[in-house]
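First the structure, in the form of structure tokens, and then the observations on it.
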Amino acid sequence: MAPIVSIRSLQDHVGEEITLQGWLYNKTGKGKLQFLQVRDGTGICQAVVFRDNVSPEAFEAGKALTQESSLIVRGVVRAEPRAPGVPGGYEVDARDVQAVSIAEPYPITPKEHGVEFLMANRHLWLRSQRQWAAMRVRATIIRGIREWLDGHGFLNVDTPIITPAAAEGTTTLFAIDYHGEKAFLAQTGQLYNEANIFAFGKVYCFGPTFRAEKSKTRRHLQEFWMVEPEIAFCDLEQLMEVEEQFVSHIVQKCLAECEPELKVLERDLTHLAKVTPPFPRIHYDDAVEMINDAAARGELVPGYPDPVPAIEWGDDFGSPHETYLAAQFEKPVFVHHYPTQVKAFYMEPEAGRPEVCRSVDLLAPEGYGEIIGGSERMSDAGKLVAAIEHHGLPRETYEWYLDLRRYGSVVHSGFGLGVERTVAWVCGLDHVRETIAFPRTLTSMRP
RNA sequence: UCCUCGGUAGCUCAAUCGGCAGAGCAUGCGGCUGUUAACCGCAGGGUUGUUGGUUCGAGUCCAACCCGGGGAGCCA
0 MAPIVSIRSL QDHVGEEITL QGWLYNKTGK GKLQFLQVRD GTGICQAVVF RDNVSPEAFE
60 AGKALTQESS LIVRGVVRAE PRAPGVPGGY EVDARDVQAV SIAEPYPITP KEHGVEFLMA
120 NRHLWLRSQR QWAAMRVRAT IIRGIREWLD GHGFLNVDTP IITPAAAEGT TTLFAIDYHG
180 EKAFLAQTGQ LYNEANIFAF GKVYCFGPTF RAEKSKTRRH LQEFWMVEPE IAFCDLEQLM
240 EVEEQFVSHI VQKCLAECEP ELKVLERDLT HLAKVTPPFP RIHYDDAVEM INDAAARGEL
300 VPGYPDPVPA IEWGDDFGSP HETYLAAQFE KPVFVHHYPT QVKAFYMEPE AGRPEVCRSV
360 DLLAPEGYGE IIGGSERMSD AGKLVAAIEH HGLPRETYEW YLDLRRYGSV VHSGFGLGVE
420 RTVAWVCGLD HVRETIAFPR TLTSMRP
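Just so we're aligned, residue 0 is where the first sequence starts under numbering that gives the first Met the number 0, counting upward by one.
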């Protein structure tokens with residue numbers, strides 16, 4: 000039997016007889032000629048079955064194939080500019096066709112479908128080109144994340160998913176029963192990360208995160224993946240430098256390695272090519288001014304029919320504010336020094352100006368929203384006790400966290416990057432549900 | 001939780017003023033040597049989300065409910 004070759008590497012086998020194993024994506028019959036679009040997980044390629052080149056049995060086998068039937072094709076690879084596919088440009092001149100399993104009438108056709116139907120058939124939808132491309136970009140982004148962190152002295156130390164208490168708001172936790180004790184699914188590994196840096200210097204955790212938010216928007220999932228690096232001896236300014244290097248690496252890696260996938264997604268690559276350090280930085284004070292100037296001019300939120308709403312200093316940004324701000328820049332933009340009152344208790348207040356804290360969010364361009372939230376952490380035990388009490392949090396729960404400030408405290412910072420929002424941005428997808436194989440949304444957890 | 005839009009064939013949609021339930025795709029059969037979501041011909045395929053109401057007559061109007069989409073708040 001001719002060697003089995005993946006569609007992704009067909010270009011290296013021109014003129015050779017090879018074997019393809021895969022599934023029928025689409026078919027065009029032309030009497031004595033059949034064009035079989037075969038996908039094998041690495042790409043899509045056309046097998047041309049000409050009646051005079053194959054046995055009558057093989058020709059009939061080809062004719063009998065339905066969409067998504069599994070098949071094996073033996074044939075000779077040739078370069079052919081007319082050949083469609085992913086990456087395309089090469090086709091297989093078939094010498095033999097075998098049906099492995101004839102598929103029953105397949106519900107997802109190459110035509111359009113609605114979201115409800117596609118989500119109900121998510122297990123099949125994943126076979127479609129765009130979903131295939133998005134999952135491959137996601138995997139590349141995850142490789143880029145680990146590659147950059149592992150290559151820059153970060154140790155991967157994963158944090159628990161079952162936790163006893165909330166780091167942030169208590170309304171968005173999924174509660175579980177832990178042998179009779181109430182426990183929660185983790186929203187962040189950050190507090191544990193802070194313990195880990197005192198052992199390992201620079202660490203990151205990477206795993207699923209759970210938020211029971213009643214959010215029904217294109218940017219929200221109940222279960223999403225987050226990578227959270229944490230760095231000892233690092234202040235806010237150094238943190239921003241890390242973030243922009245990190246994000247730029249991820250994006251540039253996708254551009255270098257996922258050209259066929261991004262083409263399937265019809266992504267405009269000129270936007271992504273601009274993602275290189277440094278990223279613009281704006282102070283919260285200036286951001287408020289920009290927003291209120293736009294509101295005074297009656298400017299519309301890009302992509303929405305509504306005007307930019309005015310904001311009062313001290314309030315957190317709403318979605319329309321973030322969308323407007325990000326649209327003013329070609330690259331991701333840092334917004335730093337948010338008001339202390341809208342941020343988590345552990346963020347370091349600015350020296351001499353405690354009403355703002357040393358926090359920074361990174362907003363993705365083109366309306367993809369906040370992809371990173373981070374800050375310099377409070378490093379003084381006394382100030383941290385006061386913050387815990389001010390937020391009405393139970394001090395006992397945080398004793399171990401306070402210990403970190405008692406035994407060799409240092410300036411340290413960290414951030415969390417949401418994988419799904421990053422994938423949506425890089426892929427140009429309009430909804431995060433397409434950035435993970437089996438999304439958990441407010442209204443759906445099946446299949 | 002609130003605002004907003006929708007639910008008709010397996011799928012995507014149409015149905016004028018309240019008056020015979022219709023098309024494309026998919027499926028089956030036939031035709032074609034360069035198709036790119038092929039095309040041409042023929043065929044099968046319907047409890048119009050549910051319940052109730054108005055009416056000679058309801059996919060269409062009214063009420064309640066169910067399900068889904070988009071958005072807000074909150075967040076990555």
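Just so it is clear, CB atoms sit at the ideal spot from N, CA and C, and this is done for glycine as well. None of the values given here were measured: they were computed from a predicted structure.
May I have the straight-line CA-CA distance separating VAL408 from ALA350, to the nearest angstrom? By one-based count along the first sequence, residue 408 stands at place 409. By one-based count along the first sequence, residue 350 stands at place 351. For the record, residue 408 in the displayed sequence is Ser; it is not Val. Taking the straight line from one Cα to the other gives about 17 Å.
Helix, strand or coil at VAL4 according to DSSP, with G and I counted as helix: As a position in the first sequence, residue 4 is number 5, starting the count at 1. Correct three-state label for VAL4: coil.
Please name the residue or residues paired with GLY368 in a DSSP beta bridge. For the purposes of this step, residue 368 is identified with residue 369 of the first sequence, where counting begins at 1. GLY368 is bridged to ALA363.
Taking GLU15 as the reference, which of LYS62, ASP92, GLU67, THR162 has the closest Cα? Sequence index remark: in the first sequence, residue 15 carries index 16 (1-based). Measuring from the Cα of GLU15, the nearest candidate turns out to be ASP92.
Whose C-alpha, out of HIS411, CYS426, SER412, is nearest the C-alpha of VAL418? Counting from 1 along the first sequence, the entry for residue 418 is found at position 419. Looking at the Cα atoms, CYS426 is the closest of the given residues.
Span of the alpha helix (DSSP H) holding ASP284? For the purposes of this step, residue 284 is identified with residue 285 of the first sequence, where counting begins at 1. Segment 283-296, the alpha helix (DSSP H) holding ASP284.
Measure how close the beta-carbons of PRO331 and LEU362 come, nearest whole angstrom, since I'm counting them as under 8 Å. Walking along the first sequence from the start, residue 331 turns up at place 332. Walking along the first sequence from the start, residue 362 turns up at place 363. Yes, PRO331 and LEU362 are in contact; Cβ-Cβ is about 6 Å, under 8 Å.
Quick one, are the C-beta atoms of LEU235 and SER412 less than 8 Å apart? Taking the first sequence and counting its residues from 1, one reaches residue 235 at position 236. Taking the first sequence and counting its residues from 1, one reaches residue 412 at position 413. LEU235 is a Cβ neighbour of SER412, given a cutoff of 8 Å.
Less than 8 Å between the beta carbons of ALA185 and ILE160, yes or no? The residue you call residue 185 lines up with position 186 of the first sequence. The residue you call residue 160 lines up with position 161 of the first sequence. Contact: yes.
Whose C-beta lies closer than 7 Å to the C-beta of ASP292 among residues of the same chain, with five residues either side of it excluded? As a working note, residue 292 is residue 293 in the first sequence. So the list is empty, once near-sequence residues are dropped.
Own chain residues within Cβ distance below 8 Å of GLN130, not counting five before or after: Looking up residue 130 in the first sequence gives position 131. Non-local beta-carbon contacts of GLN130 in its own chain, meaning distances under 8 Å to residues more than five positions away in sequence, involve TRP124, GLU433 in chain order.
Taking C-beta to C-beta, are PHE153 and TYR203 nearer than 8 Å? Position 154 of the first sequence, counted from the start, is the residue given in the question as residue 153. Position 204 of the first sequence, counted from the start, is the residue given in the question as residue 203. Yes.
Distance, TYR177 Cα to ALA198 Cα: Reading the first sequence from its first residue, position 199 is the one you call residue 198. Reading the first sequence from its first residue, position 178 is the one you call residue 177. If you take the alpha carbons of ALA198 and TYR177, they lie about 28 Å apart.
Would a C-beta distance cut-off of 8 Å place ILE71 and GLN20 closer than the cut-off? Translated into positions along the first sequence, residue 71 becomes position 72. Translated into positions along the first sequence, residue 20 becomes position 21. Closer than 8 Å, so yes.
8 Å Cβ cutoff met for LEU416 and ILE387: As a working mapping, residue 416 is identified with position 417 in the first sequence. As a working mapping, residue 387 is identified with position 388 in the first sequence. Their beta carbons are not under 8 Å apart, which means LEU416 does not touch ILE387 by this criterion.
Taking its Cβ as the centre, do 16 or more other Cβ atoms sit within 10 Å of THR108, making it buried, or is it exposed? Counting from one through the first sequence, the residue named residue 108 turns up at place 109. THR108 comes out exposed.
In this structure, what does DSSP give as the bridge partners for GLU349? As a position in the first sequence, residue 349 is number 350, starting the count at 1. According to DSSP, GLU349 bridges with ARG352.
Sorted by chain position, which residues of the same chain lie with C-beta nearer than 6 Å to HIS122's C-beta, five sequence neighbours on each side aside? As a first step, residue 122 must be located in the first sequence, where it is residue number 123. Same-chain partners within the cutoff: PRO446.
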